[in-house]
Amino acid sequence: MSDILRLSLVQSDLIWGDVNANLNQFTQQLARLKGKSDLIILPEMFTSGFMMSGKDKIATYTDTVVAWLREQAKNLDAHIMGSIIVNESDAYYNRMYTVSPQGDISTYNKRHLFRMGNEHEHFVGGSDKGIVKIGEWRVRPIICYDLRFPVWGRNQQDYDLLVCVANWPDARRDVWNTILKARSIDNQAYVAGVNRVGKDGMDLSYAGDSSLYDARGILLGKCEDYKNDIQTVNLSLDKLRNFRTKFPVYLDADDFEIKL
468 MSDILRLSLV
478 QSDLIWGDVN
488 ANLNQFTQQL
498 ARLKGKSDLI
508 ILPEMFTSGF
518 MMSGKDKIAT
528 YTDTVVAWLR
538 EQAKNLDAHI
548 MGSIIVNESD
558 AYYNRMYTVS
568 PQGDISTYNK
578 RHLFRMGNEH
588 EHFVGGSDKG
598 IVKIGEWRVR
608 PIICYDLRFP
618 VWGRNQQDYD
628 LLVCVANWPD
638 ARRDVWNTIL
648 KARSIDNQAY
658 VAGVNRVGKD
668 GMDLSYAGDS
678 SLYDARGILL
688 GKCEDYKNDI
698 QTVNLSLDKL
708 RNFRTKFPVY
718 LDADDFEIKL
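In structure tokens:
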């Protein structure tokens, strides 16, 4: 892979609690990306929507979904990222998978669980950053509510791209757009945010606002509001490194330790 990373934001409605229907619709949507993308990003809980009560049933599909991710990554010759509900040793996780074209898997468990939606009563929070390498790129995954916690997402010179997948309702869309841009500036990194659209089973509405910002906070790409849409943007690692060299804010950053 060259210094250019072709990144695809996949913004879609989600069919509430229907894993097979969601996999089928994404199979159709992603077909156009074959040979045209290096990293494909799907929304949070892309097989079900953000749900608590049906997590037991959804988690039984984990092996099926992982096999689908491997198949898609191979067929499309691209890495794929997205989160699903997982049951592991009787504990439930909101887990993001990154799957390579070769079938290699990396995972990240959502750290900050959305208290206002009772996510903390149904799921266990993670503790690892889950940074993954894609060629020379270092990619840091976070999930939805994690975005509100800048210390957790702080770049300690260990990533180039921050990826946030979400089910972020349109009632708080201004917060989403503001924080995505802020994280790119704070961390001198590319930031990709992928959100769903449509209405979920709790009648919450989603605008999408899936976006890609560069390290200066400049918007490089955005999906159409309230629509299923895919936007592919080229990212340059050389440009990022040059900017960090010319404007090394990180050299004056405060040292800190996160206690979990």
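Per my numbering: the sequence shown = residues 468 to 727.
Glycine included, C-beta positions come from ideal geometry on N, C-alpha and C.
It should be emphasised that the depicted structure is a prediction, and the values quoted were computed from it without experimental measurement.
Beta-carbon to beta-carbon, K522 and Y559 are separated by about 6 Å, close enough to satisfy the 8 Å threshold. A direct Cα-Cα distance of roughly 15 Å separates V606 from K577. Residue pairing by DSSP places V630 opposite P608, A659 in a beta bridge. By the Cβ neighbour-count rule, Q655 is buried, with 16 or more other Cβ atoms within 10 Å of its own. Within a 10 Å sphere around the beta-carbon of K689 sit 16 or more other beta-carbons, which makes this residue buried. Per DSSP, N709 lies in no beta strand (DSSP E) segment; the continuous alpha helix (DSSP H) that holds it begins and ends at 704-713. Between V591 and I610 the beta-carbon gap is near 13 Å, outside 8 Å, which marks them as no contact. Residues S678, Y680 of the same chain have their beta carbon placed closer than 7 Å to that of L686, with the five preceding and five following residues left out of the count.
When the beta-carbon positions are compared, I507 and I547 come within less than 8 Å of each other. By the criterion of at least three beta-carbon pairs nearer than 8 Å, the stretch 568-577 is not in contact with the stretch 468-477.
V477 places its beta carbon less than 8 Å from that of Q496. DSSP, reduced to helix, strand and coil, places V599 within a strand of the structure shown. By the beta-carbon neighbour count (other beta carbons within 10 angstroms, threshold 16), F513 is buried. For R537, the enclosing alpha helix (DSSP H) covers residues 529-543. Rounded to whole angstroms, the gap between the alpha carbons of A534 and P715 is 42 Å.
Taking 8 Å as the upper bound for CB-CB distance, L614 and R650 are in contact here, some 7 Å apart. Assigned with DSSP and collapsed to three states, Q478 falls in strand. Uninterrupted beta strand (DSSP E) stretches at least 3 residues long and entirely within the stretch 477-525 occur at 506-508, given in chain order. Using a Cβ distance threshold of 8 Å, G584 and Y564 do not count as a contacting pair. Inside the stretch 551-588, DSSP marks whole beta strand (DSSP E) runs of 3 or more residues at positions 558-566, 572-576, from first to last along the chain. Excluding its 5 nearest sequence neighbours in each direction, S504 has C-beta neighbours in its own chain below 8 Å: R473, L474, S475, L543, A545, T699, listed in chain order.
In this structure L509 is in contact with V661, their Cβ atoms being roughly 7 Å apart against a cut-off of 8 Å. A Cβ-Cβ separation of about 31 Å leaves N701 out of contact with G516 under the 8 Å criterion. Between G620 and the set H579, R639, W604, the nearest pair of CA atoms involves H579. With a cutoff of 8 Å on beta-carbon distance, D670 and W483 are scored as not near each other.
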